[in-house]
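A.B. asks: I'd like to ask you about the structure that follows.
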Amino acid sequence: MTPTLLRGRLLSFKRAPQSLDDTQSYLYESDGGLLIDNGLITAIGPYADVKANAPADVVEIDHRPHLIMPGFIDMHLHFPQMQVIASYAANLLEWLNTYTFPEECRFVESAHANRIATHFYDELIRHGTTTAVGYCSVHKTSADAYFAEAMKRNMRMVGGKVMMDRNAPQGLLDTPQMGYDETRSVIADWHGKGRNHVAITPRFAITSTPAQMEATQALAGEFPDLHIQTHLSENHDEIKFTCELYPEAIDYTDIYARYGLLGDRTLFGHAIHLSEREADAMSEAGSIAVHCPTSNLFLGSGLFPLKALARRDKPVRIGVATDIGGGSSYSMLRTMDEAYKIQQLLGERLNPLDSYYYMTLGNALSLSLADRIGTLDVGTDADIVILDAAATPAMALKMEVVKTLPEELFLLQTMGDDRAIVETYVAGVAAKVAL
Ligand code: GUN
Ligand code: ZN
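Taken in order, the sequence shown gives residues 100 to 534; the numbers are from our numbering.
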């Protein structure tokens, strides 16, 4: 592959920002050069320096005046819910039973799963997302479609076949043994193939019997390096029903802890209504609470106390995600706009540096994948997004009065969507233009 030199304004985080003035938390290069070779970032710096040391045959792409950032990471979404988005329901459980479970039944058909997979990756790329952590349906066919398409596009994706053996339609149920066996075969078929990572995926405690939770525990023991993903404490009725199903547990989090699922590779979707005890337990285990703001607002689930969880004496690790199709946008920009508003309603401030940190390095750290994604560091994968803060007439007008980088980032987050994504590079290859 010919080496490529991207020119533009580079922005990449080094650590979590402590305030809006924390310029040490990120690298910003106003006329930057980013050299890409063989899918990896091989040099970064002022354009003139990188150009001077670049190979003679380098192909240059001038993205000025746009921002060049690491591709966005979406920590929680459901691949079989593309046609569930915008379903009119009063709350989580009604939404699951009325729309979501029936729709997921269709993924037993490979043809359907393959068709939706094409659209799924098109949308991720259109929105600047280069890595996502997805739930497939209960059917192995859906996981095959998910990972095969990721491999075709050379994307670094995390995902898993959902395990669920009760409280759902027959067409959506496995058994403890089936869930175990099929998860093992998804791991054998896809983990480490291309850039794929398989996650152990019990849907949530409501749809898994204790026997299935034991099977999950066995898988987690056999494959300690795999991510685990599930849902936790999203909705008050859900919490009540869950605790009735596991009366021996002291709370919802304790259910997962009892089956050995509370660890530093476990991603808990939502985790909105945690008690202090649960937050302590999450913190001690290093588990991740994945905030899904558009979903939490859409389903009326509640206001996630992001800032309060992050500043505890025992802080809870946090990720951010769209939660398609409870979530209502594929865009991580739209997602962080809603996250900002939720903190506003809680009397907290989520500054724009926080937002872009979470979408990139923060999520990469939560996935233990910061050595590969989430920054523009040399040696990491060339998964990159190009952002235009003047993408629409209204944004361009506002840009006339924007003076600082944080102001520009805030404008992009507040008004931006897929129109602000000029290009998305996957392992060094421009993927959006091809759509
Ligand atoms: N809890 C269990 N399954 C789901 C799901 O598909 N979406 C959401 N938002 N919550 C869940
Ligand atoms: Zn979810």
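Ideal Cβ placement from N, Cα and C applies to all residues, glycine included. Given the structure is predicted, the values throughout are model-derived calculations rather than measurements.
#1: Give the straight-line distance between the Cα atoms of residue 421 and residue 239, rounded to the nearest whole angstrom.
#2: Mind checking who residue 262 pairs with in its DSSP beta bridge?
#3: Please report the Cβ distance between residue 256 and residue 295, rounded to the nearest whole angstrom; I am assuming they are in contact, meaning their Cβ atoms lie under 8 Å.
#4: What do you reckon, is the C-beta of residue 173 under 7 Å from a heavy atom of the ligand ZN?
#5: List, from N- to C-terminal side, the beta strand (DSSP E) runs of 3 residues or more that fit wholly inside the segment 486-527.
#6: Is the closest heavy atom of the ligand ZN to the C-beta of residue 233 under 7 Å?
#7: For the beta strand (DSSP E) containing residue 442, name the first residue and the last one.
#8: Please tell me whether residue 261 and residue 315 are closer than 8 Å, where the distance is taken between their beta carbons.
#9: Between the C-alpha atoms of residue 440 and residue 504, what's the straight-line distance to the nearest angstrom?
#10: Could you check which residue in 291, 297, 459, 386 has the C-alpha nearest to that of residue 330?
#11: Do residue 103 and residue 135 have their CB atoms nearer than 8 Å?
#12: Does the ligand ZN have a heavy atom nearer than 7 Å to the CB of residue 425?
#13: Can you check whether the CB of residue 166 is closer than 8 Å to the CB of residue 110?
#14: Which residue comes first and which comes last in the beta strand (DSSP E) that contains residue 112?
#15: On the DSSP letters alone, give me the boundaries of the beta strand (DSSP E) that residue 228 sits inside.
#16: Could you tell me the alpha carbon to alpha carbon distance between residue 163 and residue 530, rounded to whole angstroms?
#17: Taking the alpha carbon of residue 419 as the reference point, which residue from 369, 293, 353, 373 has its own alpha carbon closest?
#18: Determine whether the beta carbon atoms of residue 202 and residue 182 lie at a separation below 8 Å.
#19: Reducing DSSP to helix, strand and coil, say where residue 149 ends up.
#20: For the candidate residues 171, 156, 241, whose alpha-carbon lies nearest to that of residue 285?
#21: Suppose only complete runs of 3+ residues qualify. What are the beta strand (DSSP E) ranges in the segment 304-336, listed by chain order?
#22: Which residues in the same chain have their Cβ closer than 6 Å to the Cβ of residue 230, if we skip the five residues on either side of it in sequence?
#23: Where in the segment 359-440 do unbroken runs of the alpha helix (DSSP H), each at least 4 residues long, occur, reported from the N-terminal end onward?
#24: Quick one: Cα of residue 190 to Cα of residue 236, how far?
#25: Using DSSP bridges, identify the partner residues of residue 128.
#26: Distance, Cα to Cα, residue 480 vs residue 524?
#27: What is the residue span of the beta strand (DSSP E) that residue 174 lies within?
#28: Between which residues of its own chain and residue 196 is the CB-CB distance below 7 Å, once the five residues before and five after are set aside?
#29: I believe residue 268 touches residue 178 by the beta-carbon criterion, under 8 Å. Please report the beta-carbon distance rounded to the nearest angstrom.
#30: Does any heavy atom of the ligand GUN sit closer than 7 Å to the C-beta of residue 208?
#31: So the alpha helix (DSSP H) residue 462 belongs to, where does it begin and stop?
#32: Can the beta-carbon of residue 169 be found closer than 8 Å to that of residue 475?
C.D. replies: Let me lay it out:
#1: 23 Å
#2: 301
#3: 6 Å
#4: no
#5: 520-525
#6: no
#7: Counting along the chain, residue 442 falls outside any beta strand (DSSP E), though it belongs to the alpha helix (DSSP H) covering 431-444.
#8: no
#9: 20 Å
#10: 386
#11: yes
#12: yes
#13: yes
#14: 103-112
#15: 228-234
#16: 19 Å
#17: 369
#18: yes
#19: helix
#20: 241
#21: 326-331
#22: 172, 255, 472
#23: 375-384, 392-397, 405-409
#24: 21 Å
#25: 109
#26: 10 Å
#27: 171-177
#28: none
#29: 18 Å between Cβ atoms; not a contact.
#30: no
#31: 462-465
#32: yes
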